[in-house]
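Below: one structure, written as structure tokens.
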Amino acid sequence: MYWHNSSNILNKEFFLIPNVLSFLRIFLIIPVSYFFLNDFENSRYIIAAFIIIIWITDIADGFIARHFNMVSETGKIIDPLADKIVVSVIALLVYYRDLLPLWFLIVIISRDLIILFFGLILKKKKGKVLMSNYPGKAAVLSIGLVLLFSILNNELFNQAISFLILISVILIVYSSFLYLKRFLNSFGDK
1012 MYWHNSSNIL
1022 NKEFFLIPNV
1032 LSFLRIFLII
1042 PVSYFFLNDF
1052 ENSRYIIAAF
1062 IIIIWITDIA
1072 DGFIARHFNM
1082 VSETGKIIDP
1092 LADKIVVSVI
1102 ALLVYYRDLL
1112 PLWFLIVIIS
1122 RDLIILFFGL
1132 ILKKKKGKVL
1142 MSNYPGKAAV
1152 LSIGLVLLFS
1162 ILNNELFNQA
1172 ISFLILISVI
1182 LIVYSSFLYL
1192 KRFLNSFGDK
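Count along the sequence shown from 1, add 1011, and you get the number used in our numbering.
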């Protein structure tokens, strides 16, 4: 019975515009990876364009979901999952090109794995999904800027990268603390 109900929800919610945009973000990793692994002339600009499209779809899916009453259980899961997949894959690719420090890659992926782990526990034990918070979104934005500036790899951006990495780490620590607090509080809720 549970599976039947959940598949009905999935079928109905799967094609909501915000969810389609989240799936599109995941799909766009394919051309990003292709251009990363096949170093064409000006490929960094093509990759940057794809990343900007990914950001626009991320902003659009949240806006559409909230303003057109399309927030769904599927979207609550797929949107942050898409963020984690996109950020982790792009971070790995940027590291592969020696444009990102290993320790920062580890911080990014560790953060995403920890949030995913606690999110799965909360979903299994309480049937809840924690929505992203603004410090978490700011952390993802700052990580995205680090990755974008690293890809573009020019003198002006290189000076900003160290500062953005510092800001990213601060936001990661702060948003992770808030997430852990919300996670623990969720077990006190009935």
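No residue lacks a Cβ here, since even glycine has one placed at the ideal position from N, Cα and C.
Who are the Cβ neighbours of residue i in its own chain at under 7 Å, not counting the five residues just before and after it?
i, result
"I1064", "L1039"
"K1095", "D1123 and L1127"
"M1081", "L1027, I1028, P1029 and I1075"
"A1059", "L1159, I1162 and L1163"
"P1091", "S1143"
"L1152", "none"
"A1171", "F1160"
"E1166", "none"
Please determine, among the options, the residue with the shortest C-alpha to C-alpha distance to residue i.
i, options, result
"I1088", "R1055, I1181, V1031 and Q1170", "V1031"
"G1199", "K1136, R1108, A1171 and N1049", "K1136"
"G1130", "F1194, L1175 and V1157", "F1194"
"G1147", "E1166, I1172 and S1179", "S1179"
"L1203", "Q1170, L1103 and W1066", "Residue 1203 lies beyond the stretch modelled for the chain, which goes from 1012 to 1201, so this question has no answer here."
"L1182", "V1118, E1166 and L1133", "V1118"
"L1133", "S1033, K1192, G1073 and L1152", "K1192"
"S1099", "I1037, Q1170 and N1196", "I1037"
"A1149", "Y1185, I1120, S1197 and E1166", "Y1185"
Could you tell me whether the Cβ atoms of residue i and residue j are closer together than 8 Å?
i, j, result
"Y1190", "L1141", "yes"
"I1176", "F1079", "no"
"F1047", "R1108", "yes"
"I1125", "S1187", "yes"
Taking its Cβ as the centre, do 16 or more other Cβ atoms sit within 10 Å of residue i, making it buried, or is it exposed?
i, result
"L1027", "buried"
"L1111", "buried"
"F1174", "exposed"
"R1055", "buried"
"Y1145", "exposed"
"L1104", "buried"
Output needed for residue i: all residues of its chain with C-beta closer than 8 Å, excluding positions within five of it in sequence on either side, in chain order.
i, result
"I1062", "V1043, I1101, G1155, L1158, L1159 and I1162"
"E1024", "N1030, S1083, E1084, T1085 and G1086"
"N1016", "The predicted model places N1016 with a pLDDT of 48, which falls under 50 and marks its position as unreliable, so this point remains unresolved."
"Y1013", "Low confidence applies to Y1013: its pLDDT is 38, below 50, so where it sits in the model is not reliable, and the reading given next is rough at best. Hits under 8 Å: none found."
Between residue i and residue j, what straight-line distance do the alpha-carbon atoms span, to the nearest angstrom?
i, j, result
"F1051", "Y1045", "10 Å"
"N1053", "K1139", "44 Å"
"I1041", "I1070", "20 Å"
"A1093", "D1072", "11 Å"
"N1049", "Y1106", "15 Å"
"L1113", "T1068", "28 Å"
"I1057", "V1097", "16 Å"
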